[in-house]
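Undergrad: According to the numbering used here, the sequence shown is numbered sequentially starting from 1.
The structure that follows is given in the form of structure tokens.
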Amino acid sequence: VKPYAMLGAGTLSATLWKVRVNGDQWEYFFNLFRSSETDGSVTQRFTAEDLIQLVKLAQVLASVLDEDGCLDHALRLRMRRLHVWLDMMFHSE
1 VKPYAMLGAG TLSATLWKVR VNGDQWEYFF NLFRSSETDG SVTQRFTAED LIQLVKLAQV
61 LASVLDEDGC LDHALRLRMR RLHVWLDMMF HSE
């Protein structure tokens with residue numbers, strides 16, 4: 001299965017997979033990792049400094065899941081609200 005999308009915020013990245021489960025139903029899966037700025041190595045260990053980038057990455061994931069349109073309506077609406085709420089949080093700084 002190929003990744004559906006590669007997403008990032010700062011040094012954090014996520015690989016997003018979209019898998020058909022029943023006819024026209026889809027499930028999404030993702031993983032998170034941090035890339036080293038010096039040598040490109042990756043890890044799944046995070047630090048306190050990564051937390052803001054992690055929240056920004058969650059915002060990007062929520063936006064992509066909402067825009068794709070394959071989630072059920074209720075979950076799509078929750079993704080949209082999460083994206084908008086996080087966007088307001090970051091723009092109020």
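Where is the CB? At the ideal position from N, CA and C, for every residue including glycine.
All values derive from a computational prediction rather than experimental measurement.
Quick check on the DSSP output: what are the complete alpha helix (DSSP H) runs of length 4 or more inside the region 30-56, in order along the chain?
TA: The region 30-56 contains no whole alpha helix (DSSP H) run of 4 or more residues.
Undergrad: Measure the CB-CB distance between residue 17 and residue 42 and report whether it falls below 7 Å.
TA: Counted from its first residue, the sequence shown places residue 17 at position 17. Counted from its first residue, the sequence shown places residue 42 at position 42. Contact: no.
Undergrad: Give me, in chain order, the residues of the same chain whose beta-carbon lies closer than 6 Å to that of residue 29; leave out the 5 immediate sequence neighbours on both sides.
TA: Translated into the one-based positions of the sequence shown, residue 29 becomes position 29. Result list for residue 29: 17, in chain order.
Undergrad: For residue 34 versus residue 15, is the C-beta spacing smaller than 7 Å?
TA: Counted from its first residue, the sequence shown places residue 34 at position 34. Counted from its first residue, the sequence shown places residue 15 at position 15. Against a cut-off of 7 Å, the Cβ pair of residue 15 and residue 34 comes out as no contact.
Undergrad: Taking a contact to mean a Cβ-Cβ separation below 7 Å, would you say residue 80 touches residue 66 in this structure?
TA: Translated into the one-based positions of the sequence shown, residue 80 becomes position 80. Translated into the one-based positions of the sequence shown, residue 66 becomes position 66. Contact: yes.
Undergrad: Per DSSP, residue 92 is paired with what?
TA: Translated into the one-based positions of the sequence shown, residue 92 becomes position 92. Answer is none; residue 92 lacks a bridge partner.
Undergrad: Looking at the secondary structure, which residues open and close the beta strand (DSSP E) in which residue 19 lies?
TA: As a position in the sequence shown, residue 19 is number 19, starting the count at 1. Its beta strand (DSSP E) spans residues 12-22.
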